[in-house]
Every structure is written in structure tokens, then in C-alpha cells.
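Enquirer: Following our numbering, the numbering of the sequence shown begins with 16 at its first residue and continues without gaps.
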Amino acid sequence: MSLSIVILAAGKGSRMKSAMPKIMHKLAGTTLLEHVIETAQTLSPQSMAVVCGNAADQVLPLLAEMDVPVVMQHEQLGTGHAVMQADAVFSDVEQVLVLYGDVPLTQQSTLNALVNCGNNNSLRILTTQLDDPTGYGRIVRNDAGNVICITEQKDADQQTLAIKEVNSGIMVLPAKWLQRSLSKLSNNNAQGEYYLTDMVALAVNDGLEIKTVCCDDNAEVAGVNTRQQLAELERHYQQLQANELMARGVTLADPARIDIRGTLLTGTDITIDVNVILEGNVTIADNVEIGANCIIKDSTIGEGTIILANSMIDSSEVGTNVNIGPFARLRPGTVLSANSKIGNFVETKNANIGEGSKVNHLSYIGDTDMGSNVNIGAGTITCNYDGVNKHRTTIGDNVFIGSDSQLIAPITVEAGATIGAGTTLRKDAPKSALTLTKSVQKTVEGWKRPVKIKK
Ligand code: UD1
Ligand code: MG
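What follows is the structure, encoded as C-alpha cells:
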């Protein structure tokens, strides 16, 4: 059966107390709306649209970037009204799946189960059982156990309020019937809104079959209405990811203290200490150790590499058996070859560090091509910026650079060269020779240290 997906995202989300629409708040580094769209896309629908309204100027750029069609709902008159605005989207299909932009964690398998649980003459509702159903629409059944309607919290009597089976908001409806019947919705209810949930009673009336799929994992159907709910879902999601990581052969010092905000590919026998954040697309090979408080973003880490505490790695490629940190900062464009070492308080950017080369302490290596087995002394700086343009530094194999040296780019230090400590290098250094800028040492005899002035 051909399928269209309509995602409702026009509401404001007043309870978030935010200038940003609710669906643009992030869970695991991705907006709530993107989570829903990405899951929807895995179902390969014939057509799809997002209903936008509140703060559309903030939402439309994201939808343009994701190439997802938009339908505007200029006034937010309820979920039923929102679907009415999108009726052109499902004019050529047999069934419509309605998703909510504020329900981010529904699994593809759950949606497939819902779509496949009925035929084109049935209305299908994703439900769940909640100990505390406050705020949700209740699934009302007759004595035979058949669903007769959904009643919203604000319209419910005491007996209905006691029902613990609730509407997730996610529904599959026959498209042609929906198009014909949407105009029958009224806003004669406690909120003065056109409720999509009223389609259930209309469907019963028209002799459609009502099917429900009850989702056991409450988080899959949880809607985000408050920042507290957002934080709870974030923790739940991170816990699931941590469990999956451990199942894949990764040791976590504390599964409650890791955050994965993106896609992580891992080998086995990786050890990750507490408070590590992994963002974007990160790939970590076998036997890598990551110390506490490291942040790794959009990077690949080679086998056997050790990253010590408090290091930040962004858009970098790290080879095998590399040592990094503690307190190292790898900025975008850093490529570390096998067996290289980046020590404490070292910053790199757009830098190729050759095999076995070491930058152990307190250095800045930017816009640099470095050969293999180079040793960079503490406090070395590649002066890559003249105030207007960036220039590159080239360092050949087996170079030794003494501490506290400045290499003023563009510049080349040829293979095997040694640079004396404290050198300010303004011209290329030839291969295999010692180059240094001499500063004469002077001793002042009889010199007295200043004494503190008494007031
Ligand atoms: C809705 C359901 C309720 C269900 C709950 C699950 C209705 C009437 N009620 O209630 O049965 O238990 O979700 O989370 O459907 N939206 C629009 N345009 C509008 C109104 C809402 O696009 O005019 C969008 C919102 O942006 C949101 C979604 O629809 O993404 C749900 O709206 P919300 O106001 O959160 O509905 P609930 O009161 O939670
Ligand atoms: Mg809601």
C-alpha cells in the first residue's frame, strides 16, 4: 500500500519557555524534528511533508537543507486542522502516517508494525500504557474491548481519566477516507481545537476497523513538552546507546557518563573513561583507550591509539598507536601518522604529522607538513599568520627543533636539520646542519634583586 507521511510541527511548545520552537531543541545533538524526519525517511514513503507554523523562519532553513517539503499552517487550530493543511500531500496515496515533530524516539520497526497491522479500511493507532497518563489522550474502549474514541485529558470525565492506555499521537489512516472526512471535524471541545484524535470516533461511525499497536517502551512514544522531559529522554537515549556500545565490545567506565551525539563506529576492546563526548561521525578502531573528559568530533582514531584525559579532537585523522594528551587540542585538518605523539598543551591545525614524530609539550603546529621521526621541543610555534594570510611550514624527516623556537612561515626546515633552542627562524634551514639565531649570554655582576617597598 502506498504511503504518505505528514509530520506535525507547527505548535509553539509554550511549556519549553523558549524563543526557539520546541521541535528545534536538540536531543543527542540533533533537533527533535530531524530525529522524526530521519526515521520517517527510512520508511521510504511516496510523499512526505512537515506542517510548519510557529517560528517557521527558524524551521524552514533546516527543511530546505534536508530537502523535505513544507506545508504552512498559519494559525494553530489543532492537530486535525494541521493535517487538513497537508491534504494535497496524500492525494495520490492509499494511506497516511501522521507523526508528531515532538516525539523523537519512535523506532522504524515500531512504525512498520503499525503500518502493517491493518489494511486500507482500518485506522491504526500507536498506543502505550502509562502509570501516569496525565496530559495524554485516552484510548476509550467498549465492553467488547474495541476502541470507540480518543478523549483528550481536558475533555475527560473521572472514569476516562483513570484509563492508562494513551494515544501516542502516531496514527495511520486511509488517505481517501481521511480527505473526505477531515471537514467533519468540529472544534466543539475544551480547547476549541480541531483534534485529529476525533477522527477515531468518525472512523468507528463509518465502519472502519480500529487497530492498535501497544508500544512497550514508553520512551518511543514520549512527546517532549518541557525541558525536563527533554532531559529525561536525552538520558534514556544515551543509556540505550551506551548499552549498544557495550554489547559491541566497548568497555565504559560508567555507562551513565558518556554522550554520543551522532554516529559512532567502533571496533572491539576499546576502553572509554568517564565524561567522554563523541560528536558527529566518529570512528574508533580496536584497542583504543580514551581518558576522562575527552571530546572527539568528526574524526577517525586508529588502532591501539591512546588518548589521555582532557583532550579535544575535531575533524582529524589519527593513525595507529598514536599517543595524545593529556590536554591536547587537535583542530580541523590534523592528520597524525602511526606512532606519532602529541603531548600536553599542544595545539595542532591543518597539520600533517609524520610517522613517529613527537610534539610533546606546549607547542602550536598549524598549516604544517611534517615528515617522520621529527622531534619538536617544548614551546615551539609555527608562526603561520602574518596578520592577513596563512602560510605553510614544511619540516623534513629527522628534524630536531630546540625548545622555544619560532618558525616564521612560509618556511622549510630540511631533512635532518637541527634548530638550536630559542631560535627565531626567518629563512629556510638547510639539511643536516645546525641552524640557530645566536643571542649573547651576559652576566651582570653585582646586580641586586629589587626589594619590596614598605608603605
Ligand atoms: C496530542 C494528542 C493526544 C496525544 C499527545 C501525545 C490531539 C488532539 N491530542 O496532544 O491525544 O496523547 O499528542 O503526545 O491530537 N501541532 C500542529 N498544529 C496545531 C497543533 C499541534 O502542528 O495546530 C503539532 C505540534 O507542533 C506537535 C504535535 O502537533 O508536534 C502535537 O501537538 P501538542 O500540542 O503537543 O498535542 P498534545 O496536547 O500533546
Ligand atoms: Mg505534545
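We treat Cβ as the ideally placed atom computed from N, Cα and C, and that holds for glycine.
State yes or no: is the C-beta of Val236 within less than 8 Å of the C-beta of Thr121?
Expert: Closer than 8 Å, so yes.
Enquirer: Write down every uninterrupted run of the beta strand (DSSP E) in the stretch 368 to 431 whose length is 3 residues or greater and which is fully enclosed by it, in chain order.
Expert: Listed in chain order, the complete beta strand (DSSP E) runs (minimum 3 residues) inside the stretch 368 to 431 are 373 to 376, 379 to 385, 396 to 398, 408 to 410, 421 to 423, 426 to 428.
Enquirer: Which residues share a DSSP beta bridge with Gln110?
Expert: Per DSSP, Leu18, Pro189.
Enquirer: Helix, strand or coil: how does DSSP classify Val297 here?
Expert: Reduced to three states, the DSSP call for Val297 is strand.
Enquirer: Ignore the nearest five residues each way along the sequence and tell me which others in Leu75's own chain have a CB closer than 8 Å to its CB.
Expert: Contacts found: Cys67, Val85.
Enquirer: Assuming Thr212 and Asn258 form a contact by the criterion Cβ under 8 Å, report the distance between their Cβ atoms to the nearest whole angstrom.
Expert: Thr212 to Asn258, Cβ: 34 Å. No contact.
Enquirer: Identify which residue in Arg344, Gln61, Leu92 has its Cα closest to the Cα of Ser378.
Expert: Nearest option by C-alpha distance: Arg344.
Enquirer: Take every Cβ of the stretch 39 to 50, pair it with every Cβ of the stretch 102 to 110, and state whether three or more of those distances are shorter than 8 Å.
Expert: These segments do not touch.
Enquirer: From the DSSP output, which residues share a beta bridge with Ser137?
Expert: Looking at the DSSP assignment, Ser137 forms a beta bridge with Glu224.
Enquirer: Nearest to Val187 by CA position, among Asn131, Asp232, Ser198, is which residue?
Expert: It is Asn131.
Enquirer: For Ile22 versus Leu114, is the C-beta spacing smaller than 8 Å?
Expert: Taking 8 Å as the Cβ cut-off, Ile22 and Leu114 qualify as a contacting pair.
Enquirer: If the criterion is Cβ atoms closer than 8 Å, does the pair Ala424 and Thr450 meet it?
Expert: Contact flag unset, no.
Enquirer: At the level of alpha carbons, what is the spacing between Thr397 and Thr335?
Expert: Distance between the alpha carbons of Thr397 and Thr335: 25 Å.
Enquirer: Classify Gln144 as helix, strand or coil using the three-state DSSP reduction.
Expert: It is a strand residue.
Enquirer: Which residue from Ala271, Asn135, Ile299, His89 puts its Cα closest to that of Ser314?
Expert: The option with the nearest alpha carbon to Ser314 is Ile299.
Enquirer: Going by the DSSP bridge assignment, what does Ile434 pair with across the sheet?
Expert: For Ile434, which the question treats as bridged, DSSP gives the partners Ile416, Thr450.
Enquirer: Can you tell me which of Gly116, Gly95, Ala24, Asp329 puts its alpha carbon nearest to the alpha carbon of Leu197?
Expert: Considering only alpha carbons, the answer is Gly95.
Enquirer: Please indicate yes or no: does the CB of Ala177 lie closer than 7 Å to some heavy atom of the ligand UD1?
Expert: Flag unset: Cβ of Ala177 not near the ligand UD1.
Enquirer: Near Glu362, what residues of its chain come up, given a Cβ to Cβ distance below 6 Å and the 5 sequence neighbours on each side ignored?
Expert: Arg344, Tyr379, listed in sequence order.
Enquirer: Between Asp117 and the ligand MG, is the CB less than 7 Å from at least one heavy atom?
Expert: Asp117: yes, Cβ under 7 Å from the ligand MG.
Enquirer: Assign Ile305 to one of two classes, buried (16 or more other C-beta atoms within 10 Å of its C-beta) or exposed (fewer than that).
Expert: Ile305 is buried by the Cβ-count criterion.
Enquirer: Going by the beta-carbon positions, is the gap between Ala436 and Ser454 smaller than 8 Å?
Expert: Taking 8 Å as the Cβ cut-off, Ala436 and Ser454 do not qualify as a contacting pair.
Enquirer: Return yes when the C-beta of Asn240 is under 7 Å from any heavy atom of the ligand MG, and no when it is not.
Expert: Checking the Cβ of Asn240 against the ligand MG gives yes.
Enquirer: Quick check: does the Cβ of Ile316 come within less than 7 Å of any heavy atom belonging to the ligand UD1?
Expert: Every heavy atom of the ligand UD1 is 7 Å or more from the Cβ of Ile316, so no.
Enquirer: Between the C-alpha atoms of Asp117 and Asn308, what's the straight-line distance to the nearest angstrom?
Expert: Going from the Cα of Asp117 to the Cα of Asn308 covers about 31 Å.
Enquirer: Can you give me the start and stop residues for the beta strand (DSSP E) that Val66 sits inside?
Expert: That run of the beta strand (DSSP E) goes 62 to 67.
Enquirer: What I want to know is whether the C-beta of Glu49 ends up closer than 7 Å to one or more non-hydrogen atoms of the ligand UD1.
Expert: No, the Cβ of Glu49 stays beyond 7 Å of every heavy atom of the ligand UD1.
Enquirer: Would you say Ile391 and Lys364 are within 8 Å of each other, going by their C-beta atoms?
Expert: Contact flag unset, no.
Enquirer: Which residue marks the beginning of the beta strand (DSSP E) containing Leu267, and which one marks its end?
Expert: Here the beta strand (DSSP E) through Leu267 covers 265 to 267.
Enquirer: Quick one: give me the first and last residue of the beta strand (DSSP E) that Ile38 is part of.
Expert: Ile38 -> no beta strand (DSSP E), and no H or E assigned at all.
Enquirer: Taking the alpha-carbon of Ala128 as reference, which of Leu58, Val83, Trp192 has the nearest alpha-carbon?
Expert: Nearest of Leu58, Val83, Trp192 to Ala128, Cα basis: Leu58.
Enquirer: Under 6 Å Cβ to Cβ from Gly317, same chain only, skipping five residues before and after it: list those, please.
Expert: Taken in chain order, the residues that qualify are Ala300, Val333, Gly334, Thr335.
Enquirer: Under the assumption that Ser62 contacts Ser19 (Cβ atoms under 8 Å), give the Cβ distance between them as a whole number of angstroms.
Expert: Ser62 to Ser19, Cβ: 5 Å. Contact.
Enquirer: With a threshold of 8 Å on Cβ separation, who are the neighbours of Gln123 within its own chain once the five nearest residues in sequence on each side are excluded?
Expert: Correct list, in chain order: Thr54, Thr57, Leu58.
Enquirer: Looking at Leu92 and the ligand UD1, is the gap between the Cβ and the nearest heavy atom below 7 Å?
Expert: At least one heavy atom of the ligand UD1 is nearer than 7 Å to the Cβ of Leu92, so yes.
Enquirer: Alpha carbon to alpha carbon, what distance is there between Asp269 and Asp14?
Expert: This structure gives no information on residue 14, because the portion of the chain shown stretches from 16 to 470.
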